[in-house]
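Heads up, the thing below is written out as structure tokens.
Protein chains: 2
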Amino acid sequence: MSRLPATARREQILDVALGVFATAGFYGASMNDVAEAVGVTKPVLYQHFDSKHDLYRALIDEAGNRMLTTIGKATSDTTDGKERTERGFGAYFRWVAEDGDAFRFLFGSGPRRDEDFASAIREITAQAADAVAPLIDVEIDAAHRMTLAHALVGMAEGASRQLVQRGGEFDPEEIAAAISSLAWAGLRAVQPLPNE
Amino acid sequence: MSRLPATARREQILDVALGVFATAGFYGASMNDVAEAVGVTKPVLYQHFDSKHDLYRALIDEAGNRMLTTIGKATSDTTDGKERTERGFGAYFRWVAEDGDAFRFLFGSGPRRDEDFASAIREITAQAADAVAPLIDVEIDAAHRMTLAHALVGMAEGASRQLVQRGGEFDPEEIAAAISSLAWAGLRAVQPLPNE
DNA sequence: CGGCAGAGTTACCCGCCGGTACCATCTGGT
DNA sequence: ACCAGATGGTACCGGCGGGTAACTCTGCCG
Chain A
1 MSRLPATARR EQILDVALGV FATAGFYGAS MNDVAEAVGV TKPVLYQHFD SKHDLYRALI
61 DEAGNRMLTT IGKATSDTTD GKERTERGFG AYFRWVAEDG DAFRFLFGSG PRRDEDFASA
121 IREITAQAAD AVAPLIDVEI DAAHRMTLAH ALVGMAEGAS RQLVQRGGEF DPEEIAAAIS
181 SLAWAGLRAV QPLPNE
Chain B
197 MSRLPATARR EQILDVALGV FATAGFYGAS MNDVAEAVGV TKPVLYQHFD SKHDLYRALI
257 DEAGNRMLTT IGKATSDTTD GKERTERGFG AYFRWVAEDG DAFRFLFGSG PRRDEDFASA
317 IREITAQAAD AVAPLIDVEI DAAHRMTLAH ALVGMAEGAS RQLVQRGGEF DPEEIAAAIS
377 SLAWAGLRAV QPLPNE
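In order, the protein sequence lines correspond to chains A and B.
Going by this note's numbering, the residue at position 41 of the first sequence is 41; the numbering climbs one at a time, nothing skipped.
When you read off a place in the second sequence, starting at 1, and then add 196, the result is the number in this note's numbering.
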């Protein structure tokens with residue numbers, strides 16, 4: 001109800017819509033839902049964005065930018081590889097912790113939207129992680145072990161996605177060799193963590 | 197047009213629908229689209245599945261099962277950790293290569309569906325991978341380097357998704373330390389590949 | 001006071017899509 | 001040859017949701 005200048009309203013919409021879409025997904029949230037969450041009616045949204053597509057797209061660009069620049073800044077002031085790795089991951093996970101809606105919006109995607117499908121796919125991923133977890137045979141608490149296991153599963157997923165998106169053939173044996181050596185070396189390096 | 201016994205038709209539907217949904221996504225593909233791809237009309241689908249949800253759900257279960265059992269079989273006949281790692285990844289990537297639709301269906305998900313959103317998010321992921329790629333300072337060809345880079349990005353994504361889904365707080369510094377040590381040890385282990 | 005400009009609302013249109021009631025057609029068993 | 005039942009098609013409904021036209025409200029400036 002309360003009136004706002006256009007730029008403020010626009011930013012408010014972006015802010016609220018990010019949360020709504022992060023939770024419900026593109027198809028799961030209607031423009032009416034977004035409008036209601038903002039506390040306004042539908043046509044107001046269309047005064048600031050040409051279409052639902054347009055709004056969603058703006059959110060992608062904004063959130064993506066925040067993530068990339070955050071990491072970019074954190075890694076720009078050193079050239080040492082190990083240092084950059086550590087700072088990069090540091091910035092990344094700080095971003096996830098602080099800008100959680102943006103992460104869920106960008107990466108928590110997909111059929112992972114209908115809670116029904118979401119849980120089914122979570123279950124599959126969880127089983128994969130359960131299978132991987134015992135490979136970490138170091139004394140660390142269960143929660144950290146599971147997170148690392150999911151990291152390894154994500155590693156496989158990330159590589160696969162790239163291979164499939166790139167199109168064309170690939171030799172699974174060769175890829176598997178590279179990835180598993182990467183994973184194994186990583187696993188060997190896991191240090192027992194001080195209990196928190 | 198040609199008539200088929202119920203069980204054969206059911207399997208045909210599952211087979212074709214997997215491809216359709218893998219490409220267009222749950223919301224992007226209508227039941228009419230699926231029916232047309234099968235070469236049949238909508239009510240036929242409803243003779244075999246109670247709802248669109250039901251069909252999609254059956255696909256998740258089937259595809260997930262295929263993946264997990266494939267990997268399970270490959271790793272069941274040894275107890276050595278390294279061995280299991282290698283065989284597991286081997287089976288996994290073979291599955292991706294052979295059952296590509298299933299992979300795209302299960303993991304190629306999300307806003308990654310509208311080609312417009314898909315490319316925007318791909319772009320972000322690709323930039324992240326570009327930033328990671330130089331850390332692999334070994335003589336390998338560019339394609340493999342990019343795949344490994346995407347693997348590392350996926351690793352971060354997998355860990356994050358688990359942390360966020362689990363809910364509650366987490367300490368980003370601690371996680372980053374663990375993941376980056378894992379990644380760094382893995383990176384150091386990458387071997388120059390013989391050019392294919 | 002008059003009227004203009006920008007912010008918001010009400011009320012609507014229309015097309016798509018999940019789902020269904022009903023009819024047609026084919027095939028196998030006797 | 002004929003019936004039964006399963007396989008498949010036609011034609012429809014109902015609602016949801018993106019998008020819009022037209023109106024109202026508020027404040028400001030001459």
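Even glycine gets a Cβ: it sits at the ideal position worked out from N, Cα and C.
Counting contacts by CB-CB distance shorter than 8 Å, is residue i in contact with chain A?
i, result
"residue 215 of chain B", "no"
"residue 219 of chain B", "no"
"residue 277 of chain B", "yes"
"residue 242 of chain B", "no"
"residue 382 of chain B", "yes"
"residue 251 of chain B", "no"
"residue 391 of chain B", "At residue 391 of chain B, the pLDDT of 47 sits below 50, so the modelled position is not reliable and the matter cannot be decided from this model."
"residue 236 of chain B", "no"
"residue 207 of chain B", "no"
"residue 372 of chain B", "yes"
"residue 363 of chain B", "no"
"residue 262 of chain B", "no"
"residue 232 of chain B", "no"
"residue 316 of chain B", "yes"
Measuring CA to CA, which of the options is closest to residue i?
i, options, result
"residue 411 of chain B", "A:146, A:178, A:2 and A:35", "Nothing about residue 411 of chain B can be read from this structure; chain B reaches only from 197 to 392."
"residue 276 of chain B", "A:134, A:23 and A:162", "A:134"
"residue 218 of chain B", "B:246, B:255 and B:240", "B:255"
"residue 323 of chain B", "B:313, B:303, B:335 and B:345", "B:345"
"residue 366 of chain B", "A:93, A:139 and A:14", "A:93"
"residue 327 of chain B", "A:71, A:48 and A:27", "A:71"
"residue 51 of chain A", "A:154, A:19, A:153 and A:26", "A:26"
"residue 179 of chain A", "A:155, A:117 and A:190", "A:155"
"residue 206 of chain B", "B:216, B:234, B:224 and B:215", "B:234"
"residue 335 of chain B", "B:384, B:320, B:293 and B:317", "B:384"
"residue 317 of chain B", "B:212, B:381, B:349 and B:302", "B:349"
"residue 224 of chain B", "B:201, B:313 and B:371", "B:313"
"residue 238 of chain B", "B:245, B:252 and B:227", "B:227"
Residue range of the alpha helix (DSSP H) that residue i falls in?
i, result
"residue 237 of chain B", "Taken as a continuous stretch (DSSP letters only), residue 237 of chain B belongs to no alpha helix (DSSP H), as it is neither H nor E."
"residue 222 of chain B", "Residue 222 of chain B -> no alpha helix (DSSP H), and no H or E assigned at all."
"residue 169 of chain A", "Residue 169 of chain A -> no alpha helix (DSSP H), and no H or E assigned at all."
"residue 137 of chain A", "Neither: residue 137 of chain A is in no alpha helix (DSSP H) and is coded neither H nor E."
"residue 54 of chain A", "52 to 75"
"residue 84 of chain A", "81 to 98"
Is residue i close to chain B? Criterion is C-beta to C-beta, closer than 8 Å.
i, result
"residue 49 of chain A", "no"
"residue 101 of chain A", "no"
"residue 138 of chain A", "no"
"residue 151 of chain A", "yes"
"residue 62 of chain A", "no"
"residue 85 of chain A", "yes"
"residue 106 of chain A", "yes"
Any heavy atom of the ligand GTP inside 7 Å of the beta-carbon of residue i?
i, result
"residue 224 of chain B", "With respect to the ligand GTP, the structure offers nothing, as it holds no ligand at all."
Would you be able to state if there are at least three C-beta pairs under 8 Å between the segment 67 to 78 of chain A and the segment 348 to 363 of chain B?
-> A contact between stretches requires three or more CB pairs, one per stretch, nearer than 8 Å, and the segment 348 to 363 of chain B fails this requirement with the segment 67 to 78 of chain A.
Sufficient close CB pairs (3 or more, under 8 Å) joining the segment 255 to 265 of chain B to the segment 281 to 298 of chain B | In short, these stretches touch, since the Cβ pair count reaches three.
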